[in-house]
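Beneath this line is the structure, given in structure tokens, with notes to follow.
Numbering (my numbering), first residue to last: 259 to 432.
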């Protein structure tokens, strides 16, 4: 009976600690995904503004050079535009984000920044595109800084919280 209690306590403690670590990883993933989005936006900006690559090809190029899960947004948007499943860049991006949202740890504010960019892509001249990209990248940087601060505060908190809850349950069992 004592061995079963000991095994049960170890399982409870390890499960709650693991849960704390897994939950805290969501904060880290958001920061890394926002950094990847920022990198992709810089690449998209270069493709459109300096090499004058058409938007569908630019999206496809960015998707091949980006990491999971961000690559799926650009890949899906490019596919929607090429196959005429979407009538506008905004529709293509919205559909791509909606179809892949479960793969992300980003907030609605982050999504809105991308959708705001997609409303303006292809709608103005080069100078207008430049200013839209600069504004979007600046907004993403703000989101990255905010997410980084939240991550620094919450990662340790949830790791310790997972362990502490497990320890409390073990104490109650014993």
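We treat Cβ as the ideally placed atom computed from N, Cα and C, and that holds for glycine.
Given the structure is predicted, the values throughout are model-derived calculations rather than measurements.
- In this structure residue 379 is buried. Its beta-carbon is surrounded by 16 or more other beta-carbon atoms within 10 angstroms.
- The C-alpha of residue 402 lies about 7 Å from the C-alpha of residue 293.
- C-alpha of residue 266 to C-alpha of residue 286: approximately 30 Å in a straight line.
- A contact is defined here as three or more CB-CB pairs under 8 Å, and the region 307-318 meets this definition with respect to the region 327-340.
- Closest in alpha carbon position to residue 395, among 299, 432 and 427, is 299.
- Boundaries of the alpha helix (DSSP H) harbouring residue 398: 384-431, taken from the DSSP string.
- Our two residues, residue 397 and residue 367, have alpha carbons roughly 10 Å apart in a direct line.
- By the criterion of a C-beta distance shorter than 8 Å, residue 281 is surrounded in its chain by 416 and 420, once the five residues flanking it on both sides are discounted.
- Inclusion of residue 377 and residue 348 in the CB contact set at 8 Å is warranted, their separation being smaller than that value.
- Judged by their CB atoms, residue 274 and residue 427 are nearer to each other than the 8 Å cut-off.
- For the options 328, 365 and 343, the alpha carbon positioned closest to that of residue 358 is the one of 328.
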